[in-house]
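To start, the structure under review is shown below, and the notes come after it.
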Amino acid sequence: MNLHEYQGKELFRSVGLPVPPGEVASSAEEALEIAGRLGYPAVAKAQVLIGGRGKAGGVKVVKRPEDLAREAGKILGMDIRGHTVRRILITPAAEIEREYYAGVVLDRKAETPVLMVSPAGGIDIEEVARATPEKILRVHLDGRGLPAYRARAAARFLDSRFEIQRALAPVLIRLARLYRELDCSLAEINPLAVTPDKKVWALDAKVVIDDNALDRHPDLAGLRDPGAEDPGEVEAREKGLSYVRLDGTIGCVVNGAGLAMATMDLIQHHGGKPANFLDIGGSSNPDKVTAAMSILTRDARVRAVLFNIFGGITRCDDVARGLLAALDRIGTKIPIVIRLTGTNEREARDLLGARGMTALSDMDEAVRAVIARAAEAA
Amino acid sequence: MSVLVGRDSRILVQGITGRDGSFHARQMMEYGTRVVAGVTPGKGGSSFDGVPVFESVEEAVARTKPNVSVIYVPAVLAQDAIYEAVDAEIPLVVCITEGIPARDMVDVAAYLRGRSTRLIGPNCPGLISPGACKVGIMPGFIHTPGRVGLVSRSGTLTYEVVWQLTRAKLGQSTCIGIGGDPIVGTRFTDTLALFEADDRTDAIVLIGEIGGSDEEDAAELIESHIAKPVVAFIAGQTAPPGKRMGHAGAIVSGGAGTAQEKMARFARAGVPVARVPSEIPALIAEALRARGKSGLRVVTGARKRAARVKRKPPMKVDSRVRARPRVKAKARAKRKARR
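As they're listed, the protein sequences go chains A and B.
Numbers 1 to 378, taken from the numbering used here, label the letters of the first sequence in order.
Numbers 1001 to 1339, taken from the numbering used here, label the letters of the second sequence in order.
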């Protein structure tokens, strides 16, 4: 689960990380009221769950209320790579002397979290890793977390001045602790700024929480912003489906994540374009199949739907029942191609046959068929 | 010998009375797997289809001597279940459970270091040596005994490939689902080393997907240490960056972990990469033909010898383990001479 900057900063504040004052506004009036209290010059920052806000014009420094009113009006409602801006964070503009990077992420190979720091802050860390890898220091975190001596070493890597190091080290320790205690997949401060008065500030916050751990953080689960996500993805999650919207025209309903990915790839291989990734999971719940169909049929770009089911634990007849129930409930004209193999395949074919539908048994054949149907429907 | 599990595997099922555990314990028994015990706290002393149920793994080990444990408990209980099996020194632990928080697995991985238990999974279908032993949730009927080893990060995609192999009359020695999470107990490199050392495996199918760099590590190991032919397939060529594709580990982040990179790495290692799953059987058949093996039949002599060989406990094989192709070639020549 991705958090907005303002939510991440709240979490930072709660663990004692230095975050400048700031409040979130959803209208220009609110923005003016907040800036009036916090002072000018101020920064208005679009709150969207996607990077590249600055380049898209979603971050503006303003010196006067009339500038803020104008910029806030522009940013609110703005579309940043498919994400509509509904809120802006208003915070006093800081004078920045240096910009550093600090982030904690899971190192899959080492099987531990790793703290990464870089004196090249304010730009994408991936960019730094590509262009100047020597400017990144990695500190793996074991069961001890980040011992103070290692935090000091990381701080020395960032800044040669002792008084700045002394301010940086506790920030790194708290960031490492937050990562672990809140079950983060990513906790990142970029930039971690030094101001001319020799203070250290987290000027941005990027926090991603491990979806698998949300059950033990009910307070964090409430931070989810369904308005900032694709409505189909929100609905899918509520129904226990795993769905990702793509750009193509061929909808797919598949059991299992690996097979779902392979199905998308196969559609592309045969010259089509997948409209989505959708895994109905290992269960045979007909409701899931119905939910999947309703999400796909609401998507206007979808010209044909492919069911690719390999029955193992999932039973083909259950999927067929779910599909037939879905068609009864939502009645769609979109062509459907079905591929069924495995457990209870014959029962499923009988069920479908009784309604004048047939199922293929070969994946390649089914993919070619659905591409042809989509082309006819175009 | 197949890899990791076989006829003499004695299985303990943790969570045997639960919804998933009970269903799959029965399926495993129907397949002919020797399920010797179950554990469900609070139900110790009862029995499940004739299998004794114990309060703890320790008790089950003392009374029934299992050498494999398979875990079907919910995600919140999974870390503890793994710890319990490791502390009881069960050599092979297979965790099917999906949705375990990454932090729990970071701690498990740290605990496993230096211990003798091998963990497979979590978030995996388990493993099967067709015709001998099924430990997990895969449908048994799609498999057939033979000499192709298969390892995969996926579930149903594995079934798809296995089914295509079976239809092409390419039987399998062992099929291992290592799991779709960012941290798993056993990686591609470990299983490649096991298959390389297994005299019942002639060729290996590796099914990877986007995310992480385990496929790249596998390619590196193959270049230097694997003599048997390997065929690879990578799922997720059309996955957009930054989006998790179902599996917790299937995400392209910061431009790394793409299918294209992984496919290119395998190609550089001389590993044929199937563009689509249906190309896999032909690539394997070709590789076997090149080595003069049919893939389907187990050599009778080898089977008899394997039956005589006392089963060694599964060992944690270091990814740097050295294959001995020359010794193998000698053994093969000897076998031929005897026939």
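Even glycine gets a Cβ: it sits at the ideal position worked out from N, Cα and C.
Is it right to say G57 (chain A) is buried, meaning 16 or more other beta carbons lie within 10 angstroms of its own, or is it exposed? exposed
Give me the Cβ distance between P335 (chain A) and A366 (chain A), rounded to the nearest whole Å; I'm assuming they're in contact under 8 Å. Contact doesn't hold; Cβ gap of about 12 Å is too wide.
Would D265 (chain A) be called buried (16 or more neighbouring beta carbons within 10 Å of its own) or exposed? buried
Between the Cα of K198 (chain A) and those of A:V171, A:V19, A:I313, A:Q165, spot the shortest distance and give me the residue it belongs to. A:Q165
Which runs of the beta strand (DSSP E), 3 residues or longer, sit entirely within the segment 1139-1189 of chain B? 1145-1152, 1172-1177
Could you compute how far the alpha carbon of R1305 (chain B) sits from the alpha carbon of V1151 (chain B)? Bear in mind that a pLDDT of 42 at R1305 (chain B), under 50, signals an unreliable position, so the model cannot answer this.
Rounded to whole angstroms, what's the CA-CA distance from V19 (chain A) to G103 (chain A)? Just pull it up for me. 15 Å
Check whether the Cβ atoms of V1184 (chain B) and V1231 (chain B) lie closer than 8 Å to each other. no
Look up L1092 (chain B) in the DSSP assignment and give the residues it is bridged to. B:V1068, B:R1118
Suppose you measure from the CA of V24 (chain A) to the CA of Y6 (chain A); what does that come to, to the nearest Å? 7 Å
Look at L17 (chain A) and L175 (chain A) and say whether their C-beta atoms are less than 8 Å apart. yes
Anything in the segment 1238-1268 of chain B with a Cβ closer than 7 Å to a Cβ of chain A? List those residues in chain order, please. T1238, A1239, P1240, K1243, M1245, G1246, H1247, A1248, A1250, G1254, G1255
Output the distance between the C-alpha atoms of I1178 (chain B) and V244 (chain A), rounded to the nearest integer angstrom. 24 Å
Would you say the beta carbon of V1094 (chain B) comes nearer than 7 Å to a heavy atom of the ligand HEM? Ligands displayed in this structure: none; no statement on the ligand HEM is therefore possible.
Measure from the C-beta of A262 (chain A) to each C-beta in chain B and report whether the shortest distance is under 8 Å. yes
Taking the alpha-carbon positions, what's the G121 (chain A) to A202 (chain A) distance? 11 Å
Beta-carbon separation (whole angstroms), A1085 (chain B) vs Q1014 (chain B), contact threshold 8 Å: 7 Å
Below-8 Å beta-carbon distance, V15 (chain A) vs any chain B residue: no
Buried or exposed: which applies to A378 (chain A), given that a residue is buried once 16 or more other Cβ atoms fall within 10 Å of its Cβ? exposed
Output, in chain order, the set of chain A residues within a Cβ distance shorter than 7 Å of P1182 (chain B). L106, R108
What are the start and end residues of the alpha helix (DSSP H) that includes E127 (chain A)? 125-131
Cβ-Cβ distance between A1025 (chain B) and V1039 (chain B) below 8 Å: no
Taking only beta-carbon positions, decide if Y1159 (chain B) is within less than 8 Å of chain A. yes
Verify whether the separation of the beta carbon atoms of I295 (chain A) and A236 (chain A) is less than 8 Å. yes
Locate the alpha helix (DSSP H) running through K1134 (chain B), then write down its first and last residues. Taken as a continuous stretch (DSSP letters only), K1134 (chain B) belongs to no alpha helix (DSSP H), being part of the beta strand (DSSP E) at 1133-1136.
Hey, quick one: how far does the beta strand (DSSP E) through G1038 (chain B) stretch, first residue to last? 1035-1039
Could you list which residues in chain A have their beta carbon closer than 7 Å to that of T1156 (chain B), in chain order? N255, G256, G258, L259, F310, G312
By the 8 Å beta-carbon criterion, what residues does the segment 268-296 of chain A contribute toward chain B? Q268, H269, P274, F277, D279, G282
May I have the straight-line CA-CA distance separating R81 (chain A) from G52 (chain A), to the nearest angstrom? 9 Å
How is S361 (chain A) classed by DSSP in three states: helix, strand or coil? coil
Taking the beta strand (DSSP E) that M116 (chain A) belongs to, which residues open and close that run? 112-118
Where in the segment 24-90 of chain A do unbroken runs of the beta strand (DSSP E), each at least 3 residues long, occur, reported from the N-terminal end onward? 42-46, 59-62
Under 7 Å between beta-carbons, which chain B residues line up against T132 (chain A)? List them in chain order, please. Correct list: empty, because the minimum Cβ distance to chain B is about 15 Å.
List in chain order: all unbroken beta strand (DSSP E) runs of 3+ residues lying wholly within the segment 1198-1243 of chain B. 1203-1209, 1230-1235
Contact list for S1213 (chain B) against chain A, beta-carbon separation under 8 Å: R108, K109
Leaving aside the five residues before and after K1134 (chain B) along the sequence, list all residues of the same chain whose C-beta is less than 6 Å from its C-beta, in chain order. M1028, Y1031, T1033, I1128, G1140
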